[in-house]
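In the order they appear, the protein sequences are chains Y and F.
Per this note's numbering, the first sequence starts with residue 1, numbered consecutively.
Per this note's numbering, the second sequence starts with residue 1001, numbered consecutively.
Yeah, the Cβ is synthetic: ideal placement off N, Cα and C, and Gly gets one too.
Quick caveat: nothing in here was measured; it's all calculated off a predicted structure.
Number of protein chains: 2
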Amino acid sequence: MAERLYREIGQKIRLEIEKSALQVGDKLPTERVYAELFGVSRTLVREAFIMLEIEDLIEVRKGSGSYLKNTLSSQTSLPEISDVGPFEMLQARQVLESAIAAQAALSITKADIQKLQETLALEGAELNSVEKANSADREFHLLIAKATQNTLLLDTATRLWEMRDSNPMWHQLHARIKDSSYHGQWIDDHKDILTQLKKRSESGARQAMWQHLENVKQTLFALSDTEAPDFDGYIFAQPNKS
Amino acid sequence: MAERLYREIGQKIRLEIEKSALQVGDKLPTERVYAELFGVSRTLVREAFIMLEIEDLIEVRKGSGSYLKNTLSSQTSLPEISDVGPFEMLQARQVLESAIAAQAALSITKADIQKLQETLALEGAELNSVEKANSADREFHLLIAKATQNTLLLDTATRLWEMRDSNPMWHQLHARIKDSSYHGQWIDDHKDILTQLKKRSESGARQAMWQHLENVKQTLFALSDTEAPDFDGYIFAQPNKS
DNA sequence: CAGTTAAAATTGGCATACCAAATTTAGGTT
DNA sequence: AACCTAAATTTGGTATGCCAATTTTAACTG
Chain Y
1 MAERLYREIG QKIRLEIEKS ALQVGDKLPT ERVYAELFGV SRTLVREAFI MLEIEDLIEV
61 RKGSGSYLKN TLSSQTSLPE ISDVGPFEML QARQVLESAI AAQAALSITK ADIQKLQETL
121 ALEGAELNSV EKANSADREF HLLIAKATQN TLLLDTATRL WEMRDSNPMW HQLHARIKDS
181 SYHGQWIDDH KDILTQLKKR SESGARQAMW QHLENVKQTL FALSDTEAPD FDGYIFAQPN
241 KS
Chain F
1001 MAERLYREIG QKIRLEIEKS ALQVGDKLPT ERVYAELFGV SRTLVREAFI MLEIEDLIEV
1061 RKGSGSYLKN TLSSQTSLPE ISDVGPFEML QARQVLESAI AAQAALSITK ADIQKLQETL
1121 ALEGAELNSV EKANSADREF HLLIAKATQN TLLLDTATRL WEMRDSNPMW HQLHARIKDS
1181 SYHGQWIDDH KDILTQLKKR SESGARQAMW QHLENVKQTL FALSDTEAPD FDGYIFAQPN
1241 KS
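So this is what it looks like as structure tokens:
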């Protein structure tokens, strides 16, 4: 195990907190106590405390002590990005982004539509540059979330795209697409979505977004099926839209 | 400023990274360099490095150096929970959870339905205990997200509920409800949702969940309108469901 | 000159020691 | 006994020093 020691100590402290059933607000044993308990220097315990402090689990007060700030259960370990397959991710996007698009149709402004049109034009113009096309794609989807004027909806969409961009599995798949003609298909999808948004059609926008991501799913499925047998574990039954 | 020093140093280092336009993978100046630059001990710089390491911005390798692991821009600062009003939050839940419920209707199992029924019974039995009723409420909603069998959908729903539970504004409102009869109404809503899930009706589940959260919105709106003028800033036009 | 090896320098890892803020205790005053 | 004050203690804050892994340099060998 070539891990940095403070992380190990931090984990041990978490276990100690659990064992002693500490409640939020309770005072933790001092750094010195843990140091002796684990047989390490106080420096290491202090580093572990900093880790837990940044994770918002504890609060450290000079001269006074350290206190439990949150429950361990609220320390939701978000699923590791790399543990989520591209198809599960696309399904989540399909469910959530179609709902967001439907909501956006109700609150979208002329200025939003204007920006979406500009981004769409950019997508068409940048067909040869994978990087720029991808970034315009992202921009298009996030603009829709922004049009809901709801911070949390934008935040949710942003999280999904961040996960996508940092998922190595997805990059593998995406690399295979760059020279294909699928981008053209997707731009047409985007046009459909924009049309529905212009009409302020809630159900229309929902369906257009759903269909768009359905197309993306189909494309990636075909590619991974024929060329990349390593995605087996990530492929599972896909429910259909009624 | 009573802040812990290592945070200040960490922030300064972030600024230095920005100023020197470091790219991902580049090597950072050594701890000793920063220590001299800021006129502090290496211990503090090391603590700051630990902070940045936990934030996943840098990677520290013994004997070699520290390296930039992520871009500064990807250090997305999520919107502060307290900045999001209860109504904006409810709207987000309405949009997202109704979509999740619709998806759940397609993949729900008998075992899921069984668990939902038990939780529903618990809600009815715990009408007098605010805490337990609330926790059963949460459980009911999260079980639905779990029934989608999609990690990210469950993760999204969990995040929303965590935000709710840690939002002081919401607790204020919730405190006013405890002795009212609204819980009964909400349990009826839950029954409707469960009925639709049993029928595996996608649109039925979507509408039932939407209506449920619409009812919650109405209730809270009425309460805040008559008794709590301090929520003005958070109340905004609510789009209607078609 | 190329490749190999070992010594030297660099860099982070960890521990010890002392400092300063906060808290607790002990003593004195009313 | 109640209250205030100050000393002693506790607790986290910071600095210095030495250790160990890694990288770089230099010397050696063919």
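{"Query": "Have a look at L1330/F and A1205/F and give me their C-alpha separation to the nearest angstrom.", "Result": "Examination of residue 1330/F is not possible in this model, given that chain F is present from 1001 through 1242 alone."}
{"Query": "If L1096/F and L1160/F are in contact, beta carbons under 8 angstroms, what's the gap, nearest whole angstrom?", "Result": "7 angstroms"}
{"Query": "For A1035/F, collect the residues of the same chain with a Cβ closer than 8 angstroms to its Cβ; drop the 5 residues on either side in sequence, then sort them by chain order.", "Result": "S1041, R1042, L1044, V1045"}
{"Query": "Does DSSP put V1033/F in a helix, a strand or coil?", "Result": "helix"}
{"Query": "Return yes when the Cβ of S66/Y is within less than 8 angstroms of the Cβ of F49/Y, no when it is not.", "Result": "yes"}
{"Query": "Nearest to S201/Y by alpha carbon, out of P86/Y, A121/Y, A105/Y?", "Result": "A105/Y"}
{"Query": "Can you name the start and end residues of the beta strand (DSSP E) that E60/Y belongs to?", "Result": "According to the sequence shown, residue 60/Y is Val rather than Glu. From DSSP, the beta strand (DSSP E) with V60/Y extends over 58-61."}
{"Query": "Anything in chain Y within Cβ reach of Q1091/F, meaning under 7 angstroms, just list it in chain order.", "Result": "N150"}
{"Query": "Cβ of Q1103/F less than 8 angstroms from any chain Y Cβ?", "Result": "yes"}
{"Query": "Work out the CA separation of D83/Y and D1112/F for me, nearest whole Å.", "Result": "24 angstroms"}
{"Query": "Kindly identify the DSSP beta-bridge partner or partners of L1068/F.", "Result": "I1058/F"}
{"Query": "With DSSP as the reference, label K199/Y as helix, strand or coil.", "Result": "coil"}
{"Query": "Which residue comes first and which comes last in the alpha helix (DSSP H) that contains D1137/F?", "Result": "1130-1147"}
{"Query": "Say whether the region 116-124 of chain Y touches the region 134-143 of chain Y, bearing in mind that this needs 3 or more beta-carbon pairs closer than 8 angstroms, one atom from each stretch.", "Result": "yes"}
{"Query": "Does any CB atom of chain Y fall closer than 8 angstroms to the CB of A1099/F?", "Result": "yes"}
{"Query": "The region 1151-1168 of chain F: which residues have C-beta closer than 9 angstroms to a C-beta of chain Y, in chain order?", "Result": "T1151, L1152, L1153, L1154, D1155, T1156, T1158, R1159, L1160, E1162, M1163, D1165, S1166"}
{"Query": "Where N128/Y and S166/Y are concerned, what is the direct C-alpha to C-alpha distance, given to the nearest angstrom?", "Result": "22 angstroms"}
{"Query": "For R93/Y, is the classification buried or exposed, using 16 other Cβ atoms within 10 angstroms of its Cβ as the cut-off for buried?", "Result": "buried"}
{"Query": "So, is the C-beta of L57/Y closer than 8 angstroms to a C-beta in chain F?", "Result": "no"}
{"Query": "Quick check: does the Cβ of L120/Y come within less than 7 angstroms of any heavy atom belonging to the ligand COA?", "Result": "This structure lacks the ligand COA, and indeed carries no ligand of any kind."}
{"Query": "Under the assumption that I1100/F contacts A1157/F (Cβ atoms under 8 angstroms), give the Cβ distance between them as a whole number of angstroms.", "Result": "6 angstroms"}
{"Query": "Please determine, among M51/Y, S74/Y, R32/Y, the residue with the shortest C-alpha to C-alpha distance to E18/Y.", "Result": "S74/Y"}
{"Query": "Using a beta-carbon distance cut-off of less than 7 angstroms, what residues from the region 5-25 of chain Y approach chain F?", "Result": "Y6"}
{"Query": "In the DSSP assignment, the alpha helix (DSSP H) including L96/Y goes from what residue to what residue?", "Result": "86-107"}
{"Query": "Take A1175/F as the anchor and find which of E1131/F, E1055/F, Q1023/F has the nearest alpha-carbon.", "Result": "E1131/F"}
{"Query": "I want to see whether chain F comes within less than 8 angstroms of L96/Y, judged by CB atoms only; does it?", "Result": "yes"}
{"Query": "Just to make sure I have the definition right: I need the residues of chain Y whose C-beta is within less than 7 angstroms of the C-beta of V1040/F. Which are they?", "Result": "Residues of chain Y passing the Cβ test: none, with the nearest at roughly 15 angstroms."}
{"Query": "Below 8 angstroms between beta carbons: does that hold for Q1209/F and P1086/F?", "Result": "A small correction: the amino acid at residue 1209/F is Met; Gln does not occupy that position in the sequence shown. Going by C-beta atoms, M1209/F is not nearer than 8 angstroms to P1086/F."}
{"Query": "Taking only beta-carbon positions, decide if E88/Y is within less than 8 angstroms of chain F.", "Result": "yes"}
{"Query": "Beta carbon of L1116/F, beta carbon of V1216/F: below 8 angstroms?", "Result": "no"}
{"Query": "How many Å lie between A1147/F and E118/Y at the Cα?", "Result": "39 angstroms"}
{"Query": "Under 7 angstroms Cβ to Cβ from Q149/Y, same chain only, skipping five residues before and after it: list those, please.", "Result": "S107"}
{"Query": "Flag M1051/F as yes if its beta-carbon sits less than 8 angstroms from any beta-carbon of chain Y, otherwise no.", "Result": "yes"}
{"Query": "Could you name the residues of the same chain whose beta carbon sits closer than 7 angstroms to that of R1014/F, not counting the 5 residues immediately before and after it, in chain order?", "Result": "L1072"}
{"Query": "Quick one: residues in its chain with C-beta nearer than 6 angstroms to the C-beta of A1145/F, no 5 flanking neighbours on either side, listed in chain order?", "Result": "I1100, L1153, L1154, A1157"}
{"Query": "Look up K1027/F in the DSSP assignment and give the residues it is bridged to.", "Result": "Y1067/F"}
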